[in-house]
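Going by UniProt numbering, the final residue of the sequence shown carries number 260, and the count climbs one at a time with no gaps. Heads up, the thing below is written out as structure tokens.
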Amino acid sequence: MLSYPATIPLSSRTLNHLAERIRSHRKQRRSRWRRLEPSRQALLALAHLRNGDTYTRLAAGFEIGVATAWRYVQEAIALLNSAADDLDTAMRRIRLLAYAILDGTLIPIDRVADQKPYYCGKHKRHGVNVQVIADAAGRLVWASPALPGSAHDLTAARTHGIIDALTSADVMTFADKGYQGARGSVRTPFKRRRFRPKLSRRQKAVNRAHAKIRARGERAIATLKTWKILVKLRCCPRRATAIVQAILVLHHVETNRYAG
Numbered sequence: 001m002l003s004y005p006a007t008i009p010l011s012s013r014t015l016n017h018l019a020e021r022i023r024s025h026r027k028q029r030r031s032r033w034r035r036l037e038p039s040r041q042a043l044l045a046l047a048h049l050r051n052g053d054t055y056t057r058l059a060a061g062f063e064i065g066v067a068t069a070w071r072y073v074q075e076a077i078a079l080l081n082s083a084a085d086d087l088d089t090a091m092r093r094i095r096l097l098a099y100a101i102l103d104g105t106l107i108p109i110d111r112v113a114d115q116k117p118y119y120c121g122k123h124k125r126h127g128v129n130v131q132v133i134a135d136a137a138g139r140l141v142w143a144s145p146a147l148p149g150s151a152h153d154l155t156a157a158r159t160h161g162i163i164d165a166l167t168s169a170d171v172m173t174f175a176d177k178g179y180q181g182a183r184g185s186v187r188t189p190f191k192r193r194r195f196r197p198k199l200s201r202r203q204k205a206v207n208r209a210h211a212k213i214r215a216r217g218e219r220a221i222a223t224l225k226t227w228k229i230l231v232k233l234r235c236c237p238r239r240a241t242a243i244v245q246a247i248l249v250l251h252h253v254e255t256n257r258y259a260g
């Protein structure tokens with residue numbers, strides 16, 4: 001089998017952060033011996049999450065078994081997931097923003113036995129729905145747990161309590177037409193209804209200004225999907241939430257923002 005060196009576009013700060021969590025976890029469990037030291041296990045997990053390397057590739061590159069690679073990655077994800085902020089914690093930062101941008105994204109998955117709940121008619125594919133909150137500069141602030149892809153964006157936002165939380169905090173929030181009817185502090189563009197006159201010149205101008213602001217939220221989604229594991233999840237969709245939350249923690253550490 002041929003091998004080659006590869007890079008992970010992350011800083012040593014992220015590697016050290018994850019390695020320290022693994023080291024503390026091992027000390028707490030009094031683990032006497034592992035095939036990989038904490039820094040190598042952290043590198044293994046980052047290669048899987050950021051580069052999307054498969055367990056077979058990781059096992060060959062780190063000279064361990066495939067089952068060991070899977071176990072090490074899952075352990076790292078669980079440690080990061082436990083450190084992720086919930087919505088209430090994230091709202092302490094979000095309420096300080098000039099305004100927020102709310103958007104939803106579909107993370108593709110492999111087909112599963114119970115396909116119907118995960119099929120998104122809009123994108124014509126199976127996946128999970130994740131709600132993303134960005135700041136005025138389009139930087140990723142928070143990502144929600146994953147719901148089946150058939151969930152509408154507005155339904156998903158209400159299920160997670162995002163609409164109520166933003167309204168209670170009185171945070172002006174910009175969202176697309178999929179969130180019409182959210183009310184509260186959520187602002188959506190004007191939508192032309194059937195059998196009604198066309199939008200007025202003022203309404204079109206408002207929509208253009210709204211689109212310019214909301215477009216920045218696409219940067220947050222693009223940032224989330226720079227983690228190649230999210231290009232297409234090939235695991236049980238129930239693990240999607242832990243993976244997304246783990247990535248959110250690593251992203252904040254990498255950008256040195258909101259890092260605990």
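Positions of the beta carbon are idealized from the N, C-alpha and C atoms, including for glycine.
Query, Result
"Does the ligand FAD have a heavy atom nearer than 7 Å to the CB of H25?", "The ligand FAD is not among the ligands present in this structure, which contains no ligands whatsoever."
"What alpha helix (DSSP H) runs, 4 residues minimum, are completely inside the UniProt domain \"Transposase Helix-turn-helix\" (35-81)?", "38-51 and 55-62"
"Assign V231 to buried or exposed, taking buried as 16 or more other Cβ atoms, counted over all protein chains shown, within 10 Å of its Cβ.", "exposed"
"Where do the N-terminal and C-terminal ends of the beta strand (DSSP E) with G217 fall, by residue?", "G217 -> not in any beta strand (DSSP E); alpha helix (DSSP H) instead, spanning G217 to L224."
"Closer than 6 Å by C-beta to I219: which residues in its own chain qualify, once you throw out the five before and the five after it? Chain order, please.", "Note on residue identity: the sequence assigns Arg, not Ile, to residue 219. Once the five neighbours on either side are set aside, the close Cβ partners of R219 are G138."
"Would I163 and G178 be called neighbours here (beta carbons separated by less than 8 Å)?", "no"
"Could you pull out every unbroken beta strand (DSSP E) segment of at least 3 residues lying fully inside the region 109-172, listed in chain order?", "125-134 and 140-143"
"Roughly how many angstroms separate the alpha carbons of H152 and C120, rounded to a whole number?", "9 Å"
"How long is the line joining the alpha carbons of A90 and A134, rounded to whole angstroms?", "11 Å"
"So which of C236, N256 and V244 has the shortest CA-CA distance to D86?", "V244"
"Distance check for D176 and W70, CA to CA, integer angstroms please.", "38 Å"
"Identify the continuous alpha helix (DSSP H) that holds T241 and give its terminal residues.", "A240 to E254"
"If you reduce the DSSP assignment to three classes, tell me which class G178 lands in.", "helix"
"Alpha helix (DSSP H) containing S12: first to last residue?", "S12 to R29"
"On the CB-based measure, 16 or more other CB atoms within 10 Å of its CB, does P38 come out buried or exposed?", "buried"
"In its own chain, which residues sit with a C-beta less than 6 Å from the C-beta of N207, not counting the 5 before and 5 after it?", "P189 and F190"
"Taking just the CA atoms, how far does L44 sit from T56?", "12 Å"
"At which residues does the alpha helix (DSSP H) containing V231 begin and terminate?", "Note, V231: premise wrong, no alpha helix (DSSP H); not H, not E."
"Could you have a look at L87 and say whether DSSP puts it in helix, strand or coil?", "helix"
"Which word fits G104, buried or exposed, when buried means at least 16 other C-beta atoms lie within 10 angstroms of its C-beta?", "buried"
"Under the three-state reduction of DSSP, which class applies to R187: helix, strand or coil?", "strand"
"Give the single residue among A136, W142 and I109 whose Cα lies nearest to the Cα of V128.", "I109"
"Would you kindly work out how many angstroms separate the C-alpha atoms of V112 and I247, rounded to a whole number?", "23 Å"
"Could you have a look at A100 and say whether DSSP puts it in helix, strand or coil?", "strand"
"With distances taken between CB atoms, is the gap from L140 to H251 smaller than 8 Å?", "yes"
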